[in-house]
Structure formats: structure tokens, C-alpha cells
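The listed protein sequences derive, respectively, from chains H and Y. So in our numbering, the last one in the first sequence is 975, and the numbering has no gaps at all. So in our numbering, the last one in the second sequence is 142, and the numbering has no gaps at all.
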Amino acid sequence: MSPIPLVAVPLLALLGVLATGARHRVQALLILIAALSCLVWTIALVVAESVATVNMGGWPTPLGISLRADALSRLFLLVNSFVFVVASIELTTRTARTGDDDPAEGPSSLSAYPALLLALDTMFLTADFFDFYVFFELMGISAFLLVMRGSREPLEAGWKFAVQSIVGSLSLLAGVSFLYGLTGTLDMEGAADFLDRSPSVLWTASLFLFAFLLKSSVFPFHWWQADAHAASTTPGSVVLAGAIINSGIYGIMRFWPLLYGEAFGWLLGAVGIASMFVGALAAVRSDDAKRVLGYSSTSQLGFVLLALSWSAHAVAAFFLVAHAMAKSALFLATGFVGERFGTYSLRGLSGAGLRHPVPAYTYLLGFGSLVGLPPTVGFVGKVGLFGAGLESGDWGGLALAGFGSLATLGYGLRAYQTMFMGGDGSHPEPVPEARARFSHVAMVVAVLAVVAAGVLAEPLWQLSEAAAAVGVQG
Amino acid sequence: MNALLAIAIGVLVTAGTFQLLSRELFRVPFGIYLLLNASNLLVLSMAASTDRAAPLAQIDRSPQADPLVQAMVLTAIIIGFGISTFLLMLTGRLASRKGSLDTSDMRHWRG
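Shown next, in the form of C-alpha cells:
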């Protein structure tokens, strides 16, 4: 089985989208077909459990670039494809009813979506670290275009996102070139043989970590995320929180043996704990529903970094998948309610859910997954997290993770009560022209997946453990 | 020669970071551009690394430069060219949208 369709299909979709100008209905359908094909092919790769390798141009591995779908890649490709399917269902249902998804300041075509799918798929597949940098950059540029499609000051949010992200990319370029200078090879697997624990390796590792922590949006590099979410459209936020953020954690896990991850365990733990609480506190203080979810992502990725600091890679990968699925459902519910009533302010939306039960239940199950309530997938993730903490013997980190979960409950419950349960007894007025625009399909798919992955968690857990084994050995 | 290259990279990074933190809007993409040039010089300087084996085959014993670095730096230059053009255009749109060249006026989103 070859991984080439995962690269070729988004590329063809990108060409199709660029060729159709501003016909959003056709473009959304193309993106949906591409995302569904990638999901089906990824599931086939996962079930086949084969490490599909393709050498580009026929050159063998140390000389040429190869695309390799090992367990770590397969896990991230799976969650990536799922998030894109959900986002493209939302895009399709929106454009089908009105011919457009949102008033846009950015590009007139939906080209950011297939470009992101292409960049992320190739980034997860490549076994050459300079190729990784090239597609990391492509992902970054497509992400700026994605954020600028919104309707609330997208230029300013996109500009701030772009400047911060480019600084991270330059750090990654410096790190990649140092790694090449130290090892003489661009192959991820072969490079580990040439490294020792000299100061230059630790400097290289710091450059990589800065780039990946910036992309994962954890404290103190999380400043771009809340603005980007607040400014972008609903499918854009789904892709941003469910796919783009994962690339930072993928980088840390993929480069773990090269970067002597154990040496940085204390740093990852400290950054993780700080992110947990800073994200939760900022989410509690915020009045904008999408910013709450943006800060919530910072908090949840703090948990993932804490798991990585305990060297519990399987737990970290599973928790990340759980977060991506839950966050998709949450953003879809928030987007429905926010655009239906014309405001994203929590106070302005008070009581919005009383006539809309589907988004309300979606939001409830979504933040239940973030907190760790059964039968959602987040429950399995939290059990794994606390288990890993007990095994590692880090009592302080474990206690703080417990408090972090309570903090998650704090902001989630506050947002849910205010938006959906009518905190002060008032009802917002629906925006008349928004009446026809929205459907429940995408959020139902997302929330069913959250519950199904919680009940039938075993295959996903086994894939996470296989991914962890690959990540630690390199 | 290597020392000169290292000093040049240091000067570019310093100047670029200083511009990145500027209050005037158009200095920020120029700061990015300086940092980009510094990174490309850094990639180029990896050809001078002498404490590792030759990349493909050891033909003779004389000190040789690494040709793979040239390919990498070309790719990095092209990517950087695309990014800095995009950022410059974005900065122009932002300035005309806000009617101001002062970054203190870009306060709608406060992080």
C-alpha cells in the first residue's frame, strides 16, 4: 500500500479549487471528496498496519527523500483526516444553502483547506527533516490564508499570527540546518546515530523546541491562538485547533530521540503545568465564546506536554486525538449559536441554547470530553494520564494535573451555563438572514465520533501505543 | 572566514530582532527579512563543518565544500522570498485598513 494518494488527492483538489475561481459550492464539494478519500485511505493504512514507504525518484533512503507511513505518522494522519472531514462537511452544508461560508477579507477561493491538507499529510509522511521544514512552512502560509477568511478583524489577527509563526519557522530552519551540520544526513532515522550530548546538540534541540512549542500554542507562546480563533470562520477554527496545533506535538514526538527528549523533561513539565493554568484562567476571564475555546486548547495541550515530560508518549498521543475530536465538536456548536444570533459574546448569547438542543448537547459532550467524563474519549485519555502520572511517581505534577482538570470544569461549565442555559433568563434575538444557513450534520458527526471513540477506545489506544514505540526509538 | 560569517549572522539576527520589536509597522516585515537572511547564511555555513564524514563518498582527502547545502539554501531562499512578500503585502493591507502606521493602534485583538 502506498502513501502517495494522501499527497496526490489533496494536490489535485488544490488545483481544482484554484481553477474554479470563486465558486464556493463546487470548491467545498471538492474539498469534501478529497477529505473523505484521505480518511478512507488512512483507515486502510491503519488497518493494514504496514509501514508503507515510497522513495521519491527511486533514490534509496539516505540519498533521496522518502515518504514513510509508520505508526506515529498513521495516528496523526488519522486524526488529521477526521478533522478535515468534519470541517469540510460544515463547509459543504454552509455553502450549499447560501453559496458562501462567511464574508471574507482574504482570498476569494477556499484554497487554504486543500493546501493545508496537502501540507499536513506530507509533513506527517516525510522521513527527511528538510522536507519536514518545507511542508511546515507551507502549512504555516496556508494557515495565515485560512485565518484571514473570517469576518471579525481578520487582517489584524492574521498579521499577528503570521509574524509570530514566521519567527518560529526561522527558528526551525536554523535548527534543521544545525542538525544537518552535526550529522551530515537529512534522514530522520539515520541521524540519531551521529549525535552525542554536546552543547551544540542541546542548542539545536532548543531551536526545534521553540518552533514546536510556538506552533502548539502553549504558554508562553500562546498569544496568537485566541486572536486567530476569534477572527476566523467556524470550519477554519475547527482545522486550526484540530489539525494545525497537532503539528507542534508531532514534531516533538518525531524528533524525541534526536533532541534527547529526556533531558528536556523538566522544561516540558514546567511549560505544560503553566499552560494548563494560564489557559484555564484566561478562559474563565474571557467573554468571547471562541476565545474561551482558544485558551482551552492552550490548557489541554499543557496536559499533553505534562504526559510527554513523564515520557508517556502513548498517553500524550491519545490525549491529543481526544482533544482534536472534542474541540471540533465544541467549535461547531459555538459557531452555530454565534452566527445564528449574530454575536459571540457570552453575555450576549445568554440562553441561546434553550431553543437549540443539538448544539447544546454537542457542547455538553464536548466539554465533558475535555474534563474527562465517561463515555467520551476524553475519559479514556484522562484515565491514561493519571495512570501515567502514578507510574512516573511525580506526585506534584499529578496533583497539579488534577487541579487542572477542575479548572477545565470551571471554564467549561461557565461557558455552557451562560451560552446554553440562560444565565440571566434572557433570550437573544436570532439574526433573520442567518436563519437558513446552518445545519447540524457536522456537529452530530463530531460528537458521535467523540462518544464512539470513548466506548470503542481499544483500537485507538493500540495505535497510540504503536506510535509511542516508534517515537521513542526513532 | 568562518568567524566573519558567524559575526555577520549575529549582526543580522540582532538588527532583525530589534526591527521586529519596533513601534512602526513597516519595520516588522523588514525585521523578518533580516532574520530570514541570517537563517539562510546559517544554512550556508553548514557547508564548512569539518567534524563529520563526507555526504556521499570520500573521493580524496582534500577539504571539500558540501554541495547539498547549496540545494537546501536555495529552497530556503525561495520559501523566504514567498513569505516575506506575503507579509509585506499583508502589512500594507493592514495599514490601509487601520489608517495608521503605528503598531499601538492595532489593539482590537489584545492576545
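A virtual CB, placed ideally from N, CA and C, is assigned to each residue, including glycine. The structure displayed is predicted, hence computed values, not measured ones.
Spell out the partners DSSP gives Asp-688 (chain H) in its beta bridges. Within the first sequence, numbered from 1, the residue matching residue 688 (chain H) stands at position 187. Answer is H:Asp-629, bridged to Asp-688 (chain H).
Nearest chain H C-beta to Ser-53 (chain Y) closer than 8 Å, yes or no? Walking along the second sequence from the start, residue 53 (chain Y) turns up at place 22. Judged by the 8 Å Cβ criterion, Ser-53 (chain Y) is not in contact with chain H.
If I'm right that Met-103 (chain Y) touches Phe-631 (chain H) with Cβ under 8 Å, what's the distance once you round it to whole angstroms? The residue you call residue 103 (chain Y) lines up with position 72 of the second sequence. The residue you call residue 631 (chain H) lines up with position 130 of the first sequence. The pair is a contact, with the Cβ atoms about 6 Å apart (cut-off 8 Å).
Sorted by chain position, which residues of the same chain lie with C-beta nearer than 7 Å to Pro-615 (chain H)'s C-beta, five sequence neighbours on each side aside? Position 114 of the first sequence, counted from the first residue, corresponds to residue 615 (chain H). Pro-511, Ala-514, Leu-515, Val-518, Ile-532, Ala-535, listed in sequence order.
I'd like to check one pair, Ala-570 (chain H) with Pro-506 (chain H): are the Cβ atoms closer than 8 Å? The residue labelled residue 506 (chain H) in the question sits at position 5 within the first sequence. The residue labelled residue 570 (chain H) in the question sits at position 69 within the first sequence. Against a cut-off of 8 Å, the Cβ pair of Ala-570 (chain H) and Pro-506 (chain H) comes out as no contact.
Am I right that Val-793 (chain H) and Ala-658 (chain H) are in contact with their C-beta atoms under 8 Å? What's the rounded C-beta distance? Here residue 793 (chain H) is taken as the residue at index 292 of the first sequence, counted from 1. Here residue 658 (chain H) is taken as the residue at index 157 of the first sequence, counted from 1. About 16 Å; that fails the 8 Å criterion.
Helix, strand or coil, according to DSSP, for Ala-523 (chain H) in the structure here? On the first sequence, residue 523 (chain H) is found 22 positions in, with the first residue counted as 1. In the structure shown, Ala-523 (chain H) sits in coil (DSSP, three-state: anything other than H, G, I, E or B).
Between Leu-618 (chain H) and Phe-662 (chain H), is the Cβ-Cβ spacing less than 8 Å? Locating residue 618 (chain H) in the first sequence gives position 117, where the first residue counts as 1. Locating residue 662 (chain H) in the first sequence gives position 161, where the first residue counts as 1. In this structure, Phe-662 (chain H) does not lie closer than 8 Å to Leu-618 (chain H) by Cβ.
Residue-chain proximity (Glu-638 (chain H), chain Y), Cβ-Cβ < 8 Å: Taking the first residue of the first sequence as position 1, residue 638 (chain H) is located at position 137. Closer than 8 Å to some Cβ of chain Y, the Cβ of Glu-638 (chain H) qualifies, so yes.
On the CB-based measure, 16 or more other CB atoms within 10 Å of its CB, does Ile-38 (chain Y) come out buried or exposed? Looking up residue 38 (chain Y) in the second sequence gives position 7. Ile-38 (chain Y) should be labelled exposed.
What's the gap between the Cα of Pro-758 (chain H) and the Cα of Lys-828 (chain H)? As a position in the first sequence, residue 758 (chain H) is number 257, starting the count at 1. As a position in the first sequence, residue 828 (chain H) is number 327, starting the count at 1. The straight-line gap from Cα to Cα measures roughly 30 Å.
Would you call the segment 901-908 of chain H and the segment 820-836 of chain H in contact, with 3 or more CB pairs under 8 Å? no
What residues match up with Arg-786 (chain H) in a beta bridge as DSSP calls it? Looking up residue 786 (chain H) in the first sequence gives position 285. Per DSSP, none; premise fails for Arg-786 (chain H).
Taking any Cβ of chain H, which residues in the segment 32-43 of chain Y have a Cβ under 9 Å from it, in chain order? none
Which class does Thr-554 (chain H) belong to by DSSP, given the choice of helix, strand or coil? By 1-based counting over the first sequence, the position of residue 554 (chain H) is 53. The answer is strand: DSSP assigns Thr-554 (chain H) an E or B state.
If you measure between the beta carbons of Asn-980 (chain H) and Phe-625 (chain H), is that distance less than 8 Å? This structure cannot settle anything about residue 980 (chain H), because the visible part of chain H is limited to 502 through 975.
Examine chain H for any beta-carbon lying closer than 8 Å to the beta-carbon of Arg-128 (chain Y), and answer yes or no. Looking up residue 128 (chain Y) in the second sequence gives position 97. Output row for Arg-128 (chain Y): interface = yes.
Please list, in chain order, the chain H residues whose beta carbon lies closer than 8 Å to that of Thr-24 (chain Y). As displayed, chain Y neither begins before 32 nor continues past 142, which places residue 24 (chain Y) out of reach and without an answer.
Proximity winner among H:Arg-653, H:Glu-892, H:Arg-841, relative to Ala-813 (chain H) (alpha-carbon distances): In the first sequence, counting from the first residue as 1, residue 813 (chain H) sits at position 312. Closest option to Ala-813 (chain H), Cα to Cα, is H:Glu-892.
Cα separation between Leu-67 (chain Y) and Leu-673 (chain H)? As a first step, residue 67 (chain Y) is located in the second sequence; it is residue number 36 there, counting from the start. As a first step, residue 673 (chain H) is located in the first sequence; it is residue number 172 there, counting from the start. Rounded to the nearest angstrom, the two C-alpha atoms are 11 Å apart.
I believe Ala-742 (chain H) touches Trp-140 (chain Y) by the beta-carbon criterion, under 8 Å. Please report the beta-carbon distance rounded to the nearest angstrom. Here residue 742 (chain H) is taken as the residue at index 241 of the first sequence, counted from 1. Here residue 140 (chain Y) is taken as the residue at index 109 of the second sequence, counted from 1. Actually they do not touch by this definition, with Cβ atoms about 17 Å apart.
Does DSSP put Ser-748 (chain H) in a helix, in a strand, or in coil? Looking up residue 748 (chain H) in the first sequence gives position 247. DSSP places Ser-748 (chain H) in helix when its eight states are reduced to three.
Residues of chain H with CB closer than 8 Å to the CB of Ala-46 (chain Y), please, in chain order. Numbered from its first residue, the second sequence carries residue 46 (chain Y) at position 15. None at all; the shortest Cβ gap to chain H is about 14 Å.
From the DSSP output, in three-state form, read off Arg-54 (chain Y) for me. Along the second sequence, read from residue 1 onward, the residue named residue 54 (chain Y) stands at position 23. Of the three classes helix, strand and coil, the one that applies to Arg-54 (chain Y) here is coil, per DSSP.
Mind checking whether Ala-471 (chain H) and Tyr-796 (chain H) have CB atoms under 8 Å apart? Limits of chain H in this structure are 502 at one end and 975 at the other, which puts residue 471 (chain H) out of reach.
Within the same chain, show all residues whose beta-carbon is closer than 6 Å to that of Ala-783 (chain H), passing over the 5 residues directly before and after it, in chain order. Locating residue 783 (chain H) in the first sequence gives position 282, counting from the first residue. Closer than 6 Å at Cβ, skipping near neighbours: Tyr-796.
Who pairs with Arg-569 (chain H) in a beta bridge, going by DSSP? Position 68 of the first sequence, counted from the first residue, corresponds to residue 569 (chain H). The partner list for Arg-569 (chain H) (beta bridge, DSSP) reads H:Thr-554.
Contacting residues, own chain, Cβ-Cβ under 6 Å from Phe-939 (chain H) (five flanking each side not counted): If you number the first sequence from 1, residue 939 (chain H) lands on position 438. Same-chain partners within the cutoff: Phe-837.
Assign Asp-895 (chain H) to one of three DSSP states: helix, strand, or coil. Here residue 895 (chain H) refers to the residue found at position 394 when the first sequence is read from its first residue. Of the three classes helix, strand and coil, the one that applies to Asp-895 (chain H) here is coil, per DSSP.
So which residues of chain H does Thr-106 (chain Y) contact, with C-beta pairs closer than 7 Å? Walking along the second sequence from the start, residue 106 (chain Y) turns up at place 75. Under the 7 Å cutoff, chain H gives Val-635.
So Ser-135 (chain Y) contacts chain H; which residues on that side make the cut at Cβ distance below 8 Å? What you label residue 135 (chain Y) is simply residue 104 of the second sequence in a count that begins at 1. Per Cβ cutoff of 8 Å: no residues; Ser-135 (chain Y) is ~13 Å from chain H at best.
Under 8 Å, with one C-beta from each stretch per pair, do the segment 767-776 of chain H and the segment 710-720 of chain H reach the 3-pair mark? yes
Contact residues within the segment 59-72 of chain Y, judged by C-beta distance below 7 Å to chain H: Val-59, Ile-63, Leu-66, Leu-67, Ser-70
Please name the residue or residues paired with Asp-133 (chain Y) in a DSSP beta bridge. Position 102 of the second sequence holds residue 133 (chain Y). Bridge partners of Asp-133 (chain Y): Y:Glu-55.
Run through chain Y and tell me which residues come within less than 8 Å of Ala-947 (chain H), C-beta to C-beta. For the purposes of this step, residue 947 (chain H) is identified with residue 446 of the first sequence, where counting begins at 1. By Cβ distance, chain Y contributes nothing, its closest Cβ being about 27 Å from Ala-947 (chain H), past 8 Å.
is_contact[Asp-688 (chain H), chain Y] using C-beta, thresh 8 Å: Locating residue 688 (chain H) in the first sequence gives position 187, counting from the first residue. It does not: the Cβ of Asp-688 (chain H) has no partner Cβ on chain Y nearer than 8 Å.
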